[in-house]
Structures are given as C-alpha cells and as structure tokens.
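Have a look at the structure below before the remarks.
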Amino acid sequence: MTALTGEALELAEEHPTQQRRRRRLHGRWALPLWGWLVIAWLCAPIIVMIVFGFNNYPGKFNTNWHGFTFKWYRHLFAIGDLTTSLENSLSIAAIVTVIATILGTLLGMSLGRYRFFGSGSVNLLLFANIAAPEIVLGAALLSFFLTLGIPRGYWTIVIAHVMFSIAYVAVTVKARMAGMDPALEEASRDLGAGPVVTFFRVTLPMLMPGVLAGALLTFALSIDDYIITSFNNGSTQTFPLWVYGASQRNGGSVPAQVNVMGTLIFGFGVLVAVIGFAVNREKKVRDSS
Amino acid sequence: MTWSRLRAKLAPYWLVLPAWLWLVIFFVVPTLVMLSVSTMTGNLLDGFKQTWHWSTYSHGWSLYHVQFVRSIVYGLIATALCLVIAYPVAYWIAFRGGRHKSSLLFLLLLPFFVSFVIRTQSWGFILSDHGLALNWARDLHVLGLLKDVHLVSSSGSILQTPVAVVGGLVYNFLPFTVLPIYVALERVDPALLEASSDLYANKASAFSKVVLPLSMPGVFAAVLLTFVPVASDYVNATILGGTKTTMIGNIIQTEYFTNSDYPTAAALSFILMAALLIGVFAYARALGTEDVLEMAAR
Amino acid sequence: MNSPLDGLPPDLVRGLTSPRLSRRRALQIGGLSALGLSLAACGIPAAPGSKLGLHAAREQITKFWMQHAKNTGQLNFENWPLYIDVGKGNDHPSLDLFTKQTGIKVKYDEGIQDDDSYFGKIQPVLAAGQSIGWDIIVITNGIYLDRLVNLDYLIPLDQNAMPNFYANASPLVLDPSFDRGNVYTMAWQSGMTGIAYNPKYIDREITSWEDLQDPAFRGKIGMFADIEDTPNSALCAIGVNPETSTEADWRKAADWLKKQRPLVRKYYQQDYVAPLSKGDLWISLAWSGDIFQANASGSNLKFVVPKEGAPLWTDNMCIPVHAQHPRDAMTYMDWVYQPKIATMLAEYINYITPVPATQPLIMADAKAAKSKDDKEFYTQLAESPLIFPSKADYSKLHRYRVLDSAEEQVWDSLFEPIYQS
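Residue numbers (numbering that gives the first Met the number 0), protein chains in the order written: chain B, 0 to 288; chain V, 0 to 297; chain E, 0 to 420.
This is the structure:
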C-alpha cells in the first residue's frame with residue numbers, strides 16, 4: 000500500500016492541471032445533494048418537534064394542531080422536575096463524554112497500534128459490551144452497586160454511561176489508528192521530542208477525527224439512554240426518564256415544554272455549527288490570501 | 000532487557016489499563032453475576048437458587064427462535080441500508096467537507112441529542128395513515144406503486160409494518176455507520192484520489208481499487224457498531240412495530256419486567272450475545288483474518 | 000430467600016397465596032408481614048404458639064405505629080410525572096398547603112415511569128434489605144402490587160390514622176378486592192378501561208366488546224400490550240367477572256383474543272391516543288382519563304363502558320418497608336382525602352377521583368371561575384361520567400383478577416404470546 004501511495008503521490012504532483020479538471024468532473028453536485036438529503040431526512044422528525052413547540056393546544060395533549068403561540072417559550076421552566084432532569088442529563092452527558100473519550104481513546108490507540116499479549120481478549124470484551132442487551136447491563140450493574148452498598152444517584156449514572164460508551168470510542172479511534180504510519184511518531188522522537196510532546200503534537204492531531212466522532216457518539220448515547228439509567232438512577236431524574244414517564248400517564252403525549260427544550264438544544268447545536276462554518280470560512284480566506 | 004525496552008513493551012498495557020479496569024469492574028463482574036443467574040431456578044416469592052439449570056437456554060431458544068431470527072434478519076437489512084446511505088455521506092464529508100468537516104459531522108449527530116420519545120413520536124406523526132408521507136404519496140399518485148413493492152401495506156399503512164421498524168432502525172443507528180467510515184476515509188490523502196483516477200482508466204475502478212480498500216477498516220467497524228446494537232434493539236419495534244414485528248429485545252424486556260423471570264431473561268441475553276459474537280468473528284474470518292483486530296490493523 | 004412465613008400454620012400460608020381474601024383474613028396477613036418485618040428488625044426469637052399467633056401479629060403492627068407515633072417533619076413522596084396539581088410558579092400548591100398546615104416538608108419526585116420498570120428497580124434494593132429512600136410510592140393494582148404485598152415489601156397502614164379516608168373514600172376504592180380492608184393501600188386516582196372510538200370513522204353506536212372484533216374495522220383496532228388490561232377486558236367480553244374467573248374462563252378469553260388478533264393493528268403501550276385522534280385507529284381499548292384529556296385537548300372521541308362490564312384500575316399510595324418517615328406518610332395519605340384537597344388534585348389530574356364529594360366543589364369552582372375557558376372546563380369535568388362514573392357504570396366495573404404465583408404463570412403463558420410474537 001505504501002508503495003502505491005508513493006507512486007500515486009508522484010503522479011499527482013506531475014499533473015496538477017489534470018487533477019483539478021478531474022475534480023470538477025467528479026460528480027460535483029451528486030454527493031452534496033445526497034449528503035444534504037440525508038441530513039434533511041435526519042432532521043424531518045425534528046422539524047415536527049419544533050412546529051409542535053408552537054402549538055396552542057388546550058388541555059394536556061399536544062397531538063393535533065390548534066394554532067400558533069409563543070406561550071410554551073414563556074412558560075418554559077413551568078415544570079420544575081422537567082427542568083432539573085434536563086440539567087442533569089446535559090451535565091451527565093458532558094462528564095461522561097470527557098471520561099469515556101479519554102479512556103476509549105487510550106484503549107483504541109493501544110489496540111490500533113500494538114499487537115500485544117491479551118489484545119484479542121480486550122477485543123472480545125469490547126464486542127461483548129456492545130452486544131450485551133441494555134436490560135442485562137442495567138440489572139447486573141444495579142445488583143453490583145447493591146452488593147457493595149453504593150447508593151444510586153448521579154454518579155452511578157455517570158459510571159454506567161461511561162461503561163457502555165468506552166467501546167464505541169475505542170472502536171472508532173482504533174479504525175483511525177489502524178492505518179496511521181508509526182514513522183511519523185518515530186520521526187518526531189528522532190527530532191528530540193519527548194513522548195508527551197509527540198503525543199500532543201503528532202499522534203493526537205492525527206487521531207482527532209476519530210476522537211471527535213467517538214465523543215459525539217458518546218454524547219448522543221448518554222443524553223438519550225433510558226433502560227440502563229432507569230435501573231441505576233436512584234432518585235436522580237434524567238430527561239429521557241421524565242419524558243418517557245410523562246408520556247405514560249398522558250396517552251403517549253408529552254407537554255410542549257419538552258418540544259421547546261428539544262428545540263433549544265437543537266437550535267443551540269445549529270448555532271454552534273453555523274459559527275463553526277463561519278469561523279472556518281474566515282480561516283480559509285485568511286489562509287489562502 | 001533494558002529498562003527502556005521493558006517500558007516500551009509495557010506501553011500498550013498502560014494505555015489499556017484505565018478503560019480495561021473500568022470495563023472489568025463495571026461490566027465483566029456484573030455480567031458474570033448475570034451469567035450465574037441464568038442457570039438459577041426459582042421464582043420471585045421463594046427466591047432464586049443456583050441449580051446449574053442449563054436447559055433454560057435450550058428452552059429459551061425453542062420458545063423464541065422466531066424472534067431471534069427476526070432480529071438478525073432486521074439487523075442485516077438495516078445494516079445494509081445504513082451502509083448504502085452512509086458511505087456516500089461519509090465520503091462527501093471526508094473529501095468535500097473541507098474545513099467544515101467537524102461542523103457537518105456535528106449537524107449529522109444533532110438530531111440524536113433530542114429524546115427518542117419525541118423523535119419516534121414525530122415519526123408516528125409523519126408516517127401515520129393520514130400523515131404527511133402518505134398524503135404526499137397520494138398526491139403524487141405513487142401509492143399504488145408503493146403498495147406493489149410492499150413499502151406500504153395492502154391496507155395503506157406504513158406504521159406498524161416491518162418497513163416502519165426497519166426504517167426506524169436505519170434512522171436511529173445511521174450515525175453509528177457514518178462516523179467510523181468517515182474516520183477511515185478522512186485519513187485517505189485526497190491527492191491519492193486524484194492520482195488514482197489518473198492511474199486507472201475509470202473512476203469506478205479507481206474507487207474500488209484504491210479508496211474502498213483503504214476505507215475497509217472503517218466499514219468493518221461501522222458494520223459492528225450498527226449491526227450489533229440494532230439486533231438487540233427493542234425501542235423501534237415497540238413504538239413503530241405492529242403485531243408481527245416483535246424482536247428478541249422485546250422478549251427479554253417482558254421476561255425481565257413483566258414475568259420477573261430473571262434466569263430466562265439472562266439466558267436469552269447470553270444466547271443473543273453469543274450469537275452476535277460468533278457472527279462478528281465469522282465475519283472477520285470471512286474477510287480473511289483470524290483476529291478481529293488484525294482486520295483493522297492492516 | 001428465607002420466608003417470614005416459615006413455621007406458620009399452613010392454612011395461614013395458604014391464605015396469603017389465595018386469590019380472594021376475606022377482610023378479616025387480609026388483616027391477619029397484614030399483621031403477619033409486620034411480624035416478619037419486626038422479626039427481621041429486632042430479632043425477636045420465634046416461640047411457636049406464643050409469639051407467632053395472629054394476636055401477636057396485630058400487636059406488632061400496633062407496636063410499630065406506636066414507635067412511630069410522631070411526625071418527623073419530612074416526607075419523601077415518589078409519584079408518576081404530571082400526576083399532581085401544578086401551580087403557576089413551578090410548584091405544587093397542594094404540597095405547599097400540606098407543608099403549611101402540618102409543618103412537614105415534602106421532597107416530591109416524579110420518578111415512576113412504569114409499574115414494571117419501577118418494580119424491576121426497587122425489588123433488588125428491598126430484597127437487599129435497604130431503604131429505597133421514599134415514604135410513599137404510587138403503584139397500580141395488579142401483578143406488581145400483588146408482588147409487593149406477597150414479598151412483604153409494604154408496611155401495613157395504621158388503621159386508626161385514616162379518619163378522612165373512611166369518611167370520604169368512594170365505594171370504588173374502599174375495601175377493594177386487591178387489598179381487602181385497605182391493609183396496605185389508599186387510592187391515589189383510578190381509571191376505567193373501556194372502548195374509545197372515533198365517530199369520524201365509525202358512525203354506529205359502540206356498546207359491546209364484540210365491536211372490537213368487527214371485521215369492518217380490520218387493521219384499525221388497537222389493544223394494549225399489557226398483562227392486565229387486555230386479558231381482563233377479554234374476560235369481561237366473554238361475560239365473566241374477572242375477579243372470580245377460573246382457569247377455564249382464561250382459556251376462553253385467550254381464544255377470544257386470538258380470534259381478534261388478525262384484525263388488530265397493534266398492541267400499544269400507552270401511545271394509542273394520538274393514533275386514535277389521527278385516524279390510524281378507529282376503535283381501541285382505552286383509559287377513561289386519557290380520553291377525557293384528549294377531548295379537552297380538542298379531539299372528538301367517544302368512550303364507552305361496554306354493556307358486558309369493564310375493568311377498573313387504581314393507582315395506590317403505599318408505604319415501602321424501611322421507609323424512614325412512615326408516620327408522615329400516614330398523615331399525608333389521609334390528608335388528601337379531605338374533599339377540598341381532593342378537589343385540587345382532581346381538577347388537575349382528570350382521572351376518577353377517590354373522593355366523590357369533590358363533585359359539588361368542582362361545580363362551585365366552575366361558578367367562581369373568571370375565564371370562560373376555565374368555567375367550561377370545570378363544568379365539563381364535574382359532569383363527565385369519565386371522572387364521576389354513573390351508578391349504572393359502577394355496577395359494571397370489575398377489578399383485575401388477583402393472582403397467586405402459580406396462577407400467574409398460567410395466566411402469563413396464556414396471554415403473553417397473544418400480544419408478543
């Protein structure tokens with residue numbers, strides 16, 4: 000593969016104009032169209048959610064459209080338990096993302112880089128973890144906490160979420176690490192950089208897409224987990240627990256504040272993405288000038 | 000052996016250690032406890048006693064093999080669809096995303112930060128018999144066609160059919176497919192792409208000879224991260240399914256919660272885990288490696 | 000697990016597992032669980048004939064409540080989400096009033112999502128002999144409540160501390176078949192399981208369970224994926240009172256459901272209301288409170304108690320073992336049975352209130368209401384047969400069959416495959 004890479008690189012340098020022409024021909028619009036279509040499809044239910052956050056429905060069931068209102072935004076925090084549960088979910092997801100990303104990245108690096116005695120069993124461990132039905136994980140963990148007399152609450156949720164997220168990060172990072180050329184790190188060390196500097200200046204930047212992807216998966220897994228959390232939450236409420244419970248005594252309907260909170264999370268995310276776009280565009284302009 | 004060589008030899012272990020400890024304490028130990036529960040007999044009132052009653056396994060299989068097979072089939076179909084949908088998206092972001100790669104990835108994940116109850120409820124709204132999707136199909140006069148290809152049931156529904164369940168699975172697990180493929184593709188030097196299209200006669204063979212092989216570790220990881228959780232899912236079948244779409248995850252739920260039959264629930268879970276693990280390793284071997292790791296490490 | 004029943008007269012043990020208990024028998028058994036409790040707690044040596052008699056058991060309950068004669072000033076109350084009144088500023092007015100009147104602070108939590116998952120969560124904790132941290136929990140009658148009782152996970156109530164309950168409780172929840180003598184529970188709210196239909200799609204009148212088997216509604220019929228409501232409704236459908244049904248009846252009911260199955264769109268969890276208002280379902284098994292709320296939210300659905308009879312269910316307040324503040328729990332549970340308080344709850348929750356005397360009070364609120372919407376809503380509420388069932392409906396309502404653990408296995412094996420395959 001390396002031989003091919005070298006050859007191909009040489010070829011690429013030889014024909015810069017041809018290269019540019021081909022890029023233009025290379026399905027210029029088909030790919031972006033597909034990409035944005037998929038993003039639109041992923042967002043379709045979110046749009047329904049946003050719209051129903053403006054629904055001026057009477058009574059308690061937010062199922063049919065009754066006209067436009069801002070009142071759910073004004074009374075956003077009218078349901079105290081819902082607010083607390085959202086705060087818990089956000090902070091738990093943040094903490095879990097940090098811990099699981101660090102642990103999973105180290106694990107993925109090791110598995111992607113080294114062949115060592117026992118690496119096969121670590122692999123088995125990861126896949127068993129992903130394959131285990133949630134209910135078994137949740138129940139098993141509860142009995143474990145009980146045996147040790149650990150009171151259930153905020154931190155047992157964190158422990159559980161880290162437990163089921165590590166594997167996702169590790170597998171993603173490993174897939175990234177697998178094709179990385181160790182020569183780069185060796186070169187860095189030959190140039191006199193210590194292992195720490197090499198890690199932060201060379202290894203981590205190259206791994207970053209994998210780490211970022213793992214972190215995003217972890218955040219999404221943690222903020223939406225129901226079953227495992229329901230076993231180990233003690234008296235700490237999370238957003239999915241509250242929302243699911245609310246739908247149980249309300250014919251499957253949830254109050255519009257839930258839609259609004261979802262909308263705000265989504266809106267905040269879109270804002271972050273847009274800022275990201277803008278900042279990157281500026282950087283690009285700056286770099287190219 | 001010198002000190003530094005020993006340290007180098009130990010390096011992988013130090014990296015693995017924290018996560019390994021976490022998983023051993025909070026996953027392996029509790030799982031072993033459940034494994035022992037799976038061979039117990041008894042009931043809630045009298046308690047469960049360890050009797051090494053392994054026939055719970057064969058009994059569980061004979062009762063629920065239909066749901067097992069259904070879960071695997073749904074899992075395979077959903078994973079295949081996820082790959083077809085996700086690969087171009089990952090390719091687009093990796094090679095065309097430029098500086099916006101992270102923002103695009105983030106955008107892709109964003110819908111999943113919203114509670115599954117709301118997401119699936121919204122799908123219920125869109126897919127219902129008089130909902131947006133079927134109304135459009137009627138307006139465009141394609142309803143008959145959709146019925147002919149069994150995307151819409153003969154009674155004119157999408158919800159509560161296997162199509163809805165598989166659709167929900169594809170929707171909810173797409174990020175698990177996109178991200179690993181993206182991560183692997185992003186590593187490929189774009190210059191290599193250009194070069195390969197010069198090297199080979201047409202774009203198709205350039206893709207299949209250069210890009211695809213380079214992205215295989217990502218595809219492999221994607222298949223694992225998608226197929227395995229899809230096959231053990233129960234939420235989509237619960238919310239979007241009908242009377243003939245029960246998956247093994249639902250059965251485990253019922254055995255555990257409704258029947259408080261902890262041994263059967265545990266046994267079914269271990270059958271599922273074993274089946275998935277065997278599948279994973281068979282898959283690795285079919286791709287020509289004995290070690291799952293090695294596949295990704297090439 | 001060591002049963003506290005070891006060494007007891009066998010007829011008593013049978014009494015515990017027998018489905019229908021006389022009021023006296025239940026009181027005796029209630030006493031027994033308290034005995035088990037205190038034996039575990041204080042380690043009183045078992046002396047057959049003297050300490051294990053029924054008299055001693057009752058004495059143990061009395062002693063327990065004497066030891067907890069005073070309020071501690073704290074109450075931990077766990078309930079379902081959106082199942083209590085909510086005020087303007089994120090508060091619960093009835094709980095604030097309780098604190099004001101009694102000085103007892105309330106930690107209120109909406110942590111129960113489901114009877115089954117909640118039971119799955121607290122069972123290991125209670126089995127390990129630990130406190131779940133709550134003094135009152137709200138559990139629906141049915142297999143999970145039966146299990147809590149059979150496993151001695153509930154503290155028998157102090158019958159001397161329930162004056163408001165005995166003065167004001169509706170006959171529907173007084174001395175119910177699932178808890179004779181209200182040994183362990185007081186009702187929070189109740190609901191009927193009947194048939195709801197959308198008159199936009201069905202223009203004839205629905206009166207009977209047989210209408211849920213009408214082939215004209217193929218693919219538009221909803222049932223529940225539930226081990227209580229679906230089987231007990233089917234028992235009503237074949238003309239049997241579920242409370243006194245036999246295994247032979249269950250088989251007939253299962254056949255009735257199997258015959259219906261090809262017509263059913265889905266066995267729903269709780270999410271049947273939106274499909275019903277949108278037209279995915281034309282007719283469905285339904286809970287009265289849901290339909291009242293759906294109509295208050297602008298839907299036009301009809302709810303009927305079928306002529307063959309229908310199940311009535313109740314969510315019950317009960318005190319789990321190892322509760323830290325049992326006296327405060329007793330105080331609160333009885334306190335909500337004052338008509339004024341029950342009105343505050345009923346006006347928000349919209350299920351069947353356990354205190355019928357709330358009806359005139361809701362009417363009075365309707366008269367006093369300033370906005371037209373409020374007036375309309377309160378009037379609708381007070382006049383609704385879904386909130387205050389008529390006398391005719393009363394006679395048609397039946398409780399779920401109470402099952403012992405052997406019966407439960409038969410029951411499960413008959414009914415589960417119907418909604419899960």
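Where is the CB? At the ideal position from N, CA and C, for every residue including glycine.
Note that this is a predicted model, so its numbers are computed, not measured.
If we define contact as Cβ-Cβ less than 9 Å, is T4 of chain B a contact residue for chain V? For T4 of chain B, the pLDDT reaches just 38, beneath the cut-off of 50, and the residue's location in the model is therefore unreliable, leaving the point undetermined.
Could I get the ranges of all uninterrupted alpha helix (DSSP H) runs contained in the region 185 to 248 of chain B, with 4 residues as the minimum, in chain order? 194 to 197, 203 to 222, 226 to 231, 238 to 247, all fully within the region 185 to 248 of chain B.
Following the continuous alpha helix (DSSP H) through I46 of chain B, name the residue where it begins and the one where it ends. Residues 29 to 51.
Grab me the residues of T217 of chain B's own chain with a C-beta within less than 7 Å of its C-beta, minus the 5 sequence neighbours each way, in chain order. For T217 of chain B, the CB contacts under 7 Å within the same chain, skipping 5 residues up- and downstream, are V95, T96, A99, T100, S164, Y167, V168 in chain order.
Span of the beta strand (DSSP E), counted from its first residue to its last, around Q188 of chain E: Unbroken beta strand (DSSP E) run through Q188 of chain E: 184 to 196.
Expressed to the nearest angstrom, what Euclidean distance is found between the alpha-carbon atoms of T176 of chain V and I76 of chain V? Using only the alpha carbons, I get a separation of about 13 Å.
Out of B:T68, B:V269, B:V278, which one is the CA nearest neighbour of I38 of chain B? Out of B:T68, B:V269, B:V278, B:V269 has the C-alpha closest to the C-alpha of I38 of chain B.
Any Cβ of chain E within less than 9 Å of the Cβ of Y255 of chain V? Answer yes: the Cβ-Cβ gap between Y255 of chain V and chain E drops below 9 Å somewhere.
Distance between S252 of chain B and L81 of chain B (C-alpha atoms, nearest Å): Their Cα atoms are separated by approximately 15 Å.
Answer with yes or no whether the minimum CB distance from N39 of chain B to chain E is below 9 Å. It is worth fixing the name first, because residue 39 of chain B is Ala in this sequence and not Asn. Cβ-Cβ to chain E under 9 Å: no for A39 of chain B.
Which same chain residues, not among the five before or five after A159 of chain B, have their C-beta less than 6 Å away from its C-beta? Excluding residues within five positions, the ones whose Cβ falls inside 6 Å are L140, I227, N231.
Quick one: residues in its chain with C-beta nearer than 7 Å to the C-beta of S169 of chain E, no 5 flanking neighbours on either side, listed in chain order? By the criterion of a C-beta distance shorter than 7 Å, S169 of chain E is surrounded in its chain by P353, V354, P355, once the five residues flanking it on both sides are discounted.
Selected residue, minimal CA-CA separation from L275 of chain E, among E:D178, E:S394, E:S298: For the options E:D178, E:S394, E:S298, the alpha carbon positioned closest to that of L275 of chain E is the one of E:S298.
Nearest-angstrom Cα distance between T139 of chain E and T313 of chain E? Taking the straight line from one Cα to the other gives about 6 Å.
So which residues of chain B does G217 of chain V contact, with C-beta pairs closer than 7 Å? For the C-beta of G217 of chain V, the chain B residues within less than 7 Å are, from N- to C-terminus, A174.
Any idea if E227 of chain E is buried or exposed, counting beta-carbon neighbours within 10 angstroms, 16 or more meaning buried? Taking a 10 Å sphere around the C-beta of E227 of chain E, we find 16 or more other C-beta atoms and assign the residue as buried.
Close beta carbons around Q252 of chain V, own chain, < 7 Å, minus the five adjacent residues each side: Here the set comprises Y233.
Which word fits V23 of chain V, buried or exposed, when buried means at least 16 other C-beta atoms lie within 10 angstroms of its C-beta? With fewer than 16 other beta carbons inside 10 angstroms of its own, V23 of chain V counts as exposed.
From Q73 of chain E to T98 of chain E, what distance separates their C-alpha atoms? Each residue's Cα considered, the two are about 9 Å apart.
Where T253 of chain V sits in the DSSP three-state scheme: Helix.
Once you ignore the five residues that flank R20 of chain B on each side, which residues in its own chain have a CB closer than 6 Å to its CB? Legend: pLDDT at R20 of chain B = 48, less than 50; position of this residue unreliable, no value from coordinates given.
Close-in-space but distant-in-sequence residues of the same chain around W13 of chain V (CB under 6 Å, 5 per side omitted): Taken in chain order, the list of residues that qualify is empty.
Any Cβ of chain B within less than 9 Å of the Cβ of I205 of chain E? False, the Cβ-Cβ gap to chain B never drops below 9 Å.
Chain-ordered neighbours of N63 of chain B on chain E, where CB pairs are closer than 7 Å: Here the neighbours are S276, G297, S298.
Can you give the Cα-Cα distance for L131 of chain V and L107 of chain V, rounded to whole angstroms? Linking L131 of chain V to L107 of chain V through their CA atoms gives a straight-line distance of about 23 Å.
Within 9 Å, strictly: CB atoms of A285 of chain E and G193 of chain E: Against a cut-off of 9 Å, the Cβ pair of G193 of chain E and A285 of chain E comes out as a contact.
With a threshold of 16 other CB atoms inside 10 Å of the CB of M65 of chain E, please say whether the residue is buried or exposed. In summary, M65 of chain E is exposed, with fewer than 16 beta-carbon neighbours lying within 10 Å of its beta-carbon over all protein chains present.
What is the DSSP secondary structure of N63 of chain B, reduced to helix, strand or coil? Note: N63 of chain B maps to coil in three-state DSSP.
Where H58 of chain V falls, given that 16 or more other Cβ within 10 Å makes a residue buried: With fewer than 16 other Cβ atoms within 10 Å, it is exposed.
Beta-carbon of Q49 of chain V versus every beta-carbon of chain E: anything under 9 Å? Among the CB atoms of chain E, none fall inside 9 Å of the CB of Q49 of chain V.
Which one of B:R27, B:N279, B:A272 has the shortest CA to CA distance from F105 of chain V? The option with the nearest alpha carbon to F105 of chain V is B:A272.
Since I135 of chain E and I386 of chain E should fall inside the 8 Å C-beta cutoff, what is the C-beta to C-beta distance between them, to a whole number of angstroms? With 8 Å as the limit, I135 of chain E and I386 of chain E do not qualify as a contact, their Cβ atoms being about 23 Å apart.
If we count the other Cβ atoms within 10 Å of its Cβ and call it buried at 16 or more, is Y393 of chain E buried or exposed? Y393 of chain E counts as exposed, since fewer than 16 other beta carbons sit within 10 angstroms of its beta carbon.
Less than 9 Å separating the beta-carbons of V172 of chain B and G107 of chain B? Yes; because the gap between Cβ atoms is below 9 Å, this pair is in contact.
Output needed for I45 of chain B: all residues of its chain with C-beta closer than 7 Å, excluding positions within five of it in sequence on either side, in chain order. Around I45 of chain B, the same chain offers F265 as residues with beta carbons nearer than 7 Å, after the five sequence neighbours per side are excluded.
Run through chain E and tell me which residues come within less than 9 Å of A109 of chain B, C-beta to C-beta. The amino acid at residue 109 of chain B is misidentified as Ala; the sequence shows Ser. Within chain E, no residue comes near S109 of chain B; the closest Cβ sits about 35 Å away, beyond 9 Å.
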